[in-house]
Amino acid sequence: MIMPGMRRPEWLPNVDAGNWIAAHLDRLDGTVGQHVPAVFDAYARVLHPPHTMTGEPGTWAHVCASTGTIAHPLMQWLTISRTPDVPATGGWATRHSAWSGSPPEPGNLPARALAALLDVLAEPTGDQRCVFALWEGLGWVDGRGAWYQRIAADGTVIEEGEPPSAFPLEILDGPRLALPGRNYLLFTGPLAAAAGLGDPRGRWPQSPNLFWPQDHSWCVATEIDFDSTLIGGSGSLIDAVLACTGLEAWPVSAGDSLACDADVLNR
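In my numbering, each residue carries its 1-based index in the sequence shown increased by 470.
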């Protein structure tokens, strides 16, 4: 949620600021180093929180304890939130849902976790400006060609129409940072502006899909199809991320896979 007075990042029409990332990514897959460049000393995976039936944020470790699965750095939500019912014969087991809450949100690090991460990044970043990348395909970014309805509990249509675009045409029709399988709008501002990138109408909060400081000393990636966020940086920075009580984080390496079938411990 964008709060009144929150600093919003400014549009950055010069997408050359992302060339250093483009130089290190050559394909779109589940490998950590294809989302955060494989140039850093260490990496962490921050898990997006699931929610309990009462709406409280939970942890993947809690889900594992509930379902009898194993918590580890490369666990996948599909495999820890369901328990095997029938042994697999030449493939995956038949599974049934064993978690009654809601799953983690893909493609967006929730506000509370984002705030905790920004606190960790504040010291090594200082007063540097940062670059924030926003995936062009988010539904609220460009309302052209879309249609929405607001429907009351009794089925009555309260409001409908083409949603207004979140940005002016100068931005929507402007240049993109082209990475394998994804195109991004770029913005810039102080680190704190990462929390102000979402829908300016306040309906859809959104963390940056990528962001980094001027000196490229760290990089954060929230791939639209991942339910976790990746950070690359110095060993001391990643140690601080792993130690942060506001984050559920695990160490990973650039060569690790986060593909949906990569959780070999919970098949």
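Every residue gets a Cβ at the ideal spot worked out from N, C-alpha and C, and that includes glycine.
Nearest candidate by alpha-carbon position, reference residue i, set the options
| i | options | result |
| --- | --- | --- |
| Ala746 | Leu647, Arg478, Trp547 | There is no way to answer for residue 746, as the model of the chain reaches only from 471 to 737. |
| Asn736 | Gly488, Thr539, Tyr513, Ala514 | Thr539 |
| Pro675 | Gly725, Asn578, Ser698, Ala583 | Asn578 |
| Ser704 | Pro660, Leu656, Pro594 | Pro594 |
| Ala665 | Phe681, Pro650, Ile621 | Phe681 |
| His521 | Val502, Cys730, Val533, Asp726 | Val533 |
| Ala719 | Arg497, Ala531, Ser551 | Ala531 |
| Asp697 | Glu575, Ile621, Tyr513 | Glu575 |
| Ser572 | Gly528, Gly625, Ala487, Pro483 | Gly528 |
| Pro580 | Ile491, Gly500, Pro519 | Pro519 |
| Asn679 | Gly625, Glu630, Gly668 | Gly668 |
Reduced DSSP category for residue i - H, G, I as helix; E, B as strand; rest coil
| i | result |
| --- | --- |
| Glu640 | helix |
| Thr529 | coil |
| Leu584 | helix |
| Gln504 | helix |
| Ala558 | In this prediction, Ala558 has a pLDDT of 43, which is less than 50 and means its spatial position is unreliable; what the coordinates show is noted afterwards. Three-state result, Ala558: coil. |
| Asp486 | helix |
| Cys534 | helix |
| Val722 | strand |
| Leu591 | helix |
| Ala563 | With a pLDDT of 49 at Ala563, under the threshold of 50, the predicted position of this residue should be treated as unreliable, though the coordinate-derived value follows. Three-state DSSP puts Ala563 in coil, outside helix and strand. |
| Val711 | helix |
| Gly609 | coil |
| Gly672 | coil |
| Gly666 | helix |
Cβ-based neighbour list, residue i, same chain, cut-off 8 Å, excluding 5 preceding and 5 following
| i | result |
| --- | --- |
| Ala662 | Arg477, Leu588 |
| Leu584 | Ala664, Ala665, Ser677 |
| Thr559 | Any reading at Thr559 must be qualified, since the residue scores a pLDDT of 46, below 50, and its modelled position is unreliable; the value itself is stated next. If we look at Thr559 and ignore the five residues flanking it on each side, it has no Cβ neighbours. |
| Asp511 | Gly703, Ser704, Gly705, Ile708 |
Residues near residue i by beta carbon distance below 7 Å, same chain, minus five either side
| i | result |
| --- | --- |
| His542 | Leu735 |
| Cys714 | Ala586, Val590 |
| Gln684 | Gln598, Arg599 |
| Trp481 | Ile641, Phe657 |
| Arg646 | Val485, Glu606, Asn653, Tyr654, Leu655 |
| Leu712 | Ala514, Ala719, Pro721 |
| Ala592 | Leu661 |
| Gly738 | With the chain covering only 471 through 737, there is no way to say anything about residue 738. |
| His686 | Trp490 |
Boundaries of the alpha helix (DSSP H) in which residue i is found, first to last residue
| i | result |
| --- | --- |
| Asn489 | 489-492 |
| Thr549 | 547-550 |
Nonlocal neighbours in the same chain, by C-beta distance under 6 Å from residue i, ignoring five residues either side
| i | result |
| --- | --- |
| Val506 | Cys689, Ala691, Leu700, Gly702 |
| Gly716 | Ala586 |
| Leu495 | Gln504, Leu649, Pro650 |
| Ile694 | Gly577, Trp605 |
| Glu629 | Arg620 |
Paired residues, beta bridge with residue i - DSSP
| i | result |
| --- | --- |
| Gln619 | Glu630 |
| Gly702 | Tyr513, Cys689 |
| Phe681 | Phe602, Val690 |
| Leu649 | Arg652 |
| Pro480 | For the sequence presented, residue 480 should be read as Glu rather than Pro. Looking at the DSSP assignment, Glu480 forms a beta bridge with Thr658. |
| His521 | Pro527, Ser572 |
| Ser727 | Thr501 |
N- and C-terminal bounds of the beta strand (DSSP E) containing residue i
| i | result |
| --- | --- |
| Leu748 | Summary: the structure shown does not reach residue 748, with the chain confined to residues 471 through 737, and so no result is reported for it. |
| Gly659 | 652-660 |
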